[in-house]
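Q: Here it is, the structure, as structure tokens.
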Amino acid sequence: MGRNFPDALGSWREIRHLVQDKSTSGMSRVAILMAFCLILPALGAAQNAPGKPHNAENQKCAALAQMNLENAPGGPAVIMSARLVDVPPSGLEQGFVIPSGYGSTSSQIATRIHQYCEVAGYVAPQNKFLLRLPLPNDWNQNFFFNACGGFCGYLDGRKCNLALARGYASATGNGGHDSALGFDGVWAANAPELQKDFGWRSNHVVTLIAKAITTHYYGRPIKRSYMAGNSKGGQAVLLEAQKFPDDFDGLMPSAPVYEYTARNTIAAAWFAQAVSDGQGGSVLNAAAAEAVHKSVLEHCGAQAGVEEGLVTDPPSCKWQPEMILCASGSSGQDCLNAKQVAAVKRLMTPATNSKGEILYAYPYIPGTETQWEGWNYFGYFIRPTVGGYPPRFANLDLPRQFLRYFVDEKMREKGDALSFNFDRDPATLDRARKMYDATSVDLRAFKARDGKMLMWHGWADGAIAATSSIGYYESVMKFMGGRKQTEDFFRLYLVPGVHHGGGGPGLTEFDALTALENWVEKGQPPEKLIACRLANGIVERCRPLFPYPVLAHYSGKSDPKQADSFIRYDPSQR
0 MGRNFPDALG SWREIRHLVQ DKSTSGMSRV AILMAFCLIL PALGAAQNAP GKPHNAENQK
60 CAALAQMNLE NAPGGPAVIM SARLVDVPPS GLEQGFVIPS GYGSTSSQIA TRIHQYCEVA
120 GYVAPQNKFL LRLPLPNDWN QNFFFNACGG FCGYLDGRKC NLALARGYAS ATGNGGHDSA
180 LGFDGVWAAN APELQKDFGW RSNHVVTLIA KAITTHYYGR PIKRSYMAGN SKGGQAVLLE
240 AQKFPDDFDG LMPSAPVYEY TARNTIAAAW FAQAVSDGQG GSVLNAAAAE AVHKSVLEHC
300 GAQAGVEEGL VTDPPSCKWQ PEMILCASGS SGQDCLNAKQ VAAVKRLMTP ATNSKGEILY
360 AYPYIPGTET QWEGWNYFGY FIRPTVGGYP PRFANLDLPR QFLRYFVDEK MREKGDALSF
420 NFDRDPATLD RARKMYDATS VDLRAFKARD GKMLMWHGWA DGAIAATSSI GYYESVMKFM
480 GGRKQTEDFF RLYLVPGVHH GGGGPGLTEF DALTALENWV EKGQPPEKLI ACRLANGIVE
540 RCRPLFPYPV LAHYSGKSDP KQADSFIRYD PSQR
């Protein structure tokens, strides 16, 4: 059954030789020709049968390129390509930034998906997207959108893979523009339309178009829609709940930079000025961060009642940098000099103007020092990877990019971290706040349509302090009428030792997405998550994560590396 077309041609040549051979009788020639006429269709069937489903799916996928989206909701849009892609035996690939919250943080994602249809296109003017559609028999009838982070400007199909592996029709976008990876703001210069798309419009219109393509491809409606994103992506998720509550049933923002304008200008300038050495560098370095971390753990590494090597409740940690001030005239690996002490003290102080009025309320907290590299001194804030983020001193870089290119319709000639004036400059940011911030606490429409939101934030986040998510959550609780009225649809989880969206020395392995799915689809509120730490692929320790404000405390019994050895502790009930 395995003979292919070249083999069949070989057989034909052999038969033709026999027919033309003068030694073959007339009757034999007729018999040979009749036999070949019977064999040839069978050979063709054997060749084509295995490929028929594959060819049909190829055609079904490729046909999407002809789809007219000029008048579709969210459009006009154009599909640039549609092709069938095979999943390698090793599974689906993670991106250069491997996030927590999806179960496993291994570099390859195990999946039952063997093929998918990849659709690439754009929504006017420059909102590029990728949509990966599992074959119809593999589709779970749900839709997933993973929002871009940073200043966006890139299109990475691997951001689709975590949901694709579960059977979702999974999409991502470029945030409305193309740019260099990292904090490149030049694309926003003199481009108010692109600023608007990046600020709030892009993910909404791409979602509408991607959903239209999805329902057209499968010929069936979407049952449930989910969205996730970290950092700027987390801000985008909150914006969906605030501005477009009907787009998604379940939302999973992590480390959302909802005060996007203030974090990229006021806060970044405050932090950069705090650590500046006066020559474009920082008074801090890896040795200083390590000294801080060692001292912090000595004071606050057993907050849950057992030594864990993690700061599990940073707001209650009373550590101060003066505790490790080097003795006069000395220096060492375990102490800070006077300039470093002053720098760290300011990093851990809210940004204020000369009147003492708070301009940004969420400074660095103990435990974040494991991710100061790349933010408070030059280096990699995400581990070096092929195609990953370049090394930076982000708090120094951000204000220059944001003030010059994002804030106004026309490019500003001046603006940078070290010259930022905390009395004068904040008043010039009103337009940007309206464009980029996701600070509304009115989530009534999202709750009314039975939407559910699970937000999480790493306590060791060196990009934006987890206390900012507490600030937003508490503001929502106040607006919505209390804790119970909020927990009905919105819960916050804080994860010890986790950096900005993933990584770090803490409990990086947990599955928030499945918890959200069960809440949306089965009506099962997530009473706790189980977060673990792996060492060489082996589970090293686990502990429960309870919804804010509940903490996990060691019971004093059993193995403290096991999750069931911890109990709930609600500080609000004291």
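Be aware that the sequence shown starts at 0, since it is given in numbering that gives the first Met the number 0, and climbs by one per residue.
Virtual Cβ for every residue (Gly too), placed ideally from N, Cα, C.
(1) For I537, count neighbouring Cβ atoms within 10 angstroms of its own Cβ and tell me buried if that reaches 16, exposed if not.
(2) If you compare alpha carbons, which of L335, K446 and R432 is closest to F478?
(3) Which whole runs of the beta strand (DSSP E) in the region 334-421 are 3 residues long or more, in chain order?
(4) Quick check on the burial criterion: 16 or more other C-beta atoms within 10 angstroms. Buried or exposed for I357?
(5) Is K354 buried or exposed, if buried means 16 or more other CB atoms sit within 10 Å of its CB?
(6) Please check the pair G100 and G232, which I expect to be a contact at CB under 8 Å, by giving their CB distance rounded to whole angstroms.
(7) May I ask you to report which of helix, strand or coil DSSP gives Y257?
(8) So, are the CB atoms of H456 and A444 less than 9 Å apart?
(9) Distance, Cα to Cα, C36 vs H203?
(10) Going by DSSP, what residues sit across from L324 in a beta bridge?
(11) Can you have a look at T348 and say buried or exposed, based on whether 16 or more other CB atoms are within 10 angstroms of its CB?
(12) For H456, which three-state DSSP category applies?
(13) When burial is assigned at 16 or more other CB atoms within 10 Å of the CB, is G277 buried or exposed?
(14) Please classify E306: does DSSP put it in a helix, a strand, or coil?
(15) Give the range of the beta strand (DSSP E) segment to which D85 is assigned.
(16) May I ask you to verify whether the region 162-173 touches the region 238-252, counting CB pairs closer than 8 Å and requiring at least 3?
(17) Would you say M226 and L250 are within 9 Å of each other, going by their C-beta atoms?
(18) Note down the Cα distance separating P570 from S554, rounded to an integer number of angstroms.
(19) Under the assumption that T110 contacts G94 (Cβ atoms under 8 Å), give the Cβ distance between them as a whole number of angstroms.
(20) Would you list the residues sitting across from P133 in a DSSP beta bridge?
(21) Identify the continuous beta strand (DSSP E) that holds N517 and give its terminal residues.
(22) For my contact list, R200 and S169 are in at a C-beta cut-off of 8 Å; report their separation, rounded to the angstrom.
(23) First and last residue of the alpha helix (DSSP H) that includes E539?
(24) Assign Q561 to one of three DSSP states: helix, strand, or coil.
(25) Please work out which residues of its chain come closer than 6 Å, Cβ to Cβ, to A211, disregarding the five sequence neighbours upstream and downstream, and give them in chain order.
(26) Tell me the DSSP secondary structure of I529 in three-state form.
(27) Let's see if you can read the secondary structure: which residues bound the alpha helix (DSSP H) around A444?
(28) Looking only at C-alpha atoms, which of G102, C531 and A267 sits nearest to N420?
(29) May I have the straight-line CA-CA distance separating A290 from Y361, to the nearest angstrom?
(30) For the alpha helix (DSSP H) containing T171, name the first residue and the last one.
(31) How far does the alpha helix (DSSP H) with G228 in it reach, from first residue to last?
(32) Could you tell me whether any Cβ in chain D is nearer than 9 Å to the Cβ of K293?
(33) How long is the line joining the alpha carbons of P559 and F565, rounded to whole angstroms?
(34) With a threshold of 8 Å on Cβ separation, who are the neighbours of L63 within its own chain once the five nearest residues in sequence on each side are excluded?
(35) For L428, tell me which candidate among I265, K222 and S474 has the shortest Cα-Cα distance.
(36) Could you check the C-alpha separation between C60 and L129 for me, to the nearest Å?
A: According to the structure shown:
(1) exposed
(2) K446
(3) 357-359
(4) exposed
(5) exposed
(6) No, G100 and G232 are not in contact; Cβ-Cβ is about 12 Å, not under 8 Å.
(7) coil
(8) no
(9) For C36, the predicted model reports a pLDDT of 41, less than 50, meaning its position is unreliable; a value from the coordinates is still stated below. About 60 Å.
(10) L335
(11) exposed
(12) strand
(13) exposed
(14) coil
(15) A76 to D85
(16) no
(17) yes
(18) 16 Å
(19) At roughly 15 Å, the Cβ-Cβ gap does not stay under 8 Å, so T110 and G94 are not in contact.
(20) Y115
(21) N517 -> not in any beta strand (DSSP E); alpha helix (DSSP H) instead, spanning A511 to K521.
(22) Rounded, the Cβ-Cβ distance is 21 Å, inconsistent with contact.
(23) First-last for E539: I537 to L544, but that is the beta strand (DSSP E), not the alpha helix (DSSP H).
(24) coil
(25) A71
(26) strand
(27) R443 to A447
(28) A267
(29) 23 Å
(30) Where T171 is concerned, there is no enclosing alpha helix (DSSP H), although the beta strand (DSSP E) it sits in stretches over A168 to G172.
(31) First-last for G228: R223 to N229, but that is the beta strand (DSSP E), not the alpha helix (DSSP H).
(32) In the displayed structure, chain D is absent; only one protein chain is listed.
(33) 8 Å
(34) I78, A81, C116, V118, I212, H215 and Y216
(35) I265
(36) 14 Å
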